[in-house]
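What follows is a set of notes on a single structure, which appears directly below.
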Amino acid sequence: MEQQPDILLWILGSGLLMSAIALIGGVTTILGRETLQRIIPSLIALAAGSLLGGAFLHLIPEGMRETELSSTAYFSWVLIGFTLFFSLEQWMHWHRCRRPQEDDCNGTKPVTWLILVGDALHNFIGGLAVAGAFLVDVRLGITMWIAAALHEVPQELGDFGVLVHGGWERGKALLANLLSALTFPLGGIIAWLAAGTLDITFLLPFAAGNFIYIGASDLVPELSHHERVPRMLLHFSAFVVGWVLMLAVGLLS
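For any residue, its number in our numbering is found by taking its place in the sequence shown, counting from 1, and adding 357.
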């Protein structure tokens, strides 16, 4: 496939604009600390729903359409992604808490780093996919970018809430989100350089396993500590909204 400079501009421009969406969490900086603490659980629920919806409604189905792997090999990659993040979190928690006299383990939670790693991988894959669409047709690339952006808005809001809940200062959480989002244009550049010859299909089920682990193992348990029924219903609704948004993106794209 021919590498066209104007297509590269589309890829770079759309990639940088997508990365800027990571700053959407900044809208919460105008809120007071108590207000932010009140809405954080709902943001966590939204993130959990978005992550699980993205895995089951986008990454896994799209990967199955593109892959030549057998079903056993394909879902093995899902389990590898899940297992890698499980072992990574175990190692990070052990490394942080092995000397109680120096660290009481009350700093940033391991899940926050997993969110950033998973988001960076997700953005990298998204950059590859959107750039591939631009290489086929600019209008197709724009359509895919809009669908991806609709996916990113609720996810980035939820991710920001998870980072703050996990002990990050707001400014550092925004910067970390932005840095993890810059893998999107990086993926786009690599796709342009490879001119459509890069096979990334195994990364789709791998990333799905990452998101399933984060959403189901780390985030959902955070929502089980509220005894008041109205709060429980609010969090449940936010979780449902998260995956319904992912469903809507798939139906509209």
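Cβ atoms here follow ideal geometry from the backbone N, Cα and C, with glycine treated the same way.
Exposed or buried, what is residue i when buried is set at 16 or more other beta-carbons lying within 10 Å of its beta-carbon?
i: E526; result: exposed
i: L409; result: buried
i: L428; result: Per the sequence shown, residue 428 should be read as Ser rather than Leu. Flag for S428 reads exposed.
i: T392; result: exposed
i: T469; result: buried
i: W448; result: exposed
i: L374; result: exposed
i: V628; result: Any property of residue 628 remains undetermined from this structure, which presents the chain solely from 358 to 610.
i: L366; result: exposed
i: G523; result: buried
i: S444; result: exposed
i: M603; result: buried
i: G498; result: buried
i: G370; result: exposed
i: L609; result: exposed
i: L416; result: buried
i: L590; result: exposed
What do you reckon, are the CB atoms on residue i and residue j nearer than 8 Å?
i: V474; j: G566; result: no
i: A595; j: L426; result: no
i: F563; j: I437; result: yes
i: G544; j: G484; result: yes
i: G528; j: I401; result: no
i: V521; j: W502; result: no
i: I472; j: I387; result: no
i: D615; j: S537; result: Summary: the structure shown does not reach residue 615, with the chain confined to residues 358 through 610, and so no result is reported for it.
i: S399; j: H592; result: yes
i: L560; j: I482; result: yes
i: A412; j: F568; result: yes
i: L531; j: G382; result: yes
i: A405; j: V577; result: yes
i: I364; j: W549; result: yes
i: T558; j: E446; result: no
Meets three-Cβ-pair contact criterion under 8 Å: the segment 508 to 521 and the segment 373 to 382: yes
Beta strand (DSSP E) runs contained entirely in the segment 361 to 420, provided each spans 3 or more residues: none
Whole runs of the alpha helix (DSSP H) within the segment 559 to 601, excluding any shorter than 4 residues: 560 to 569
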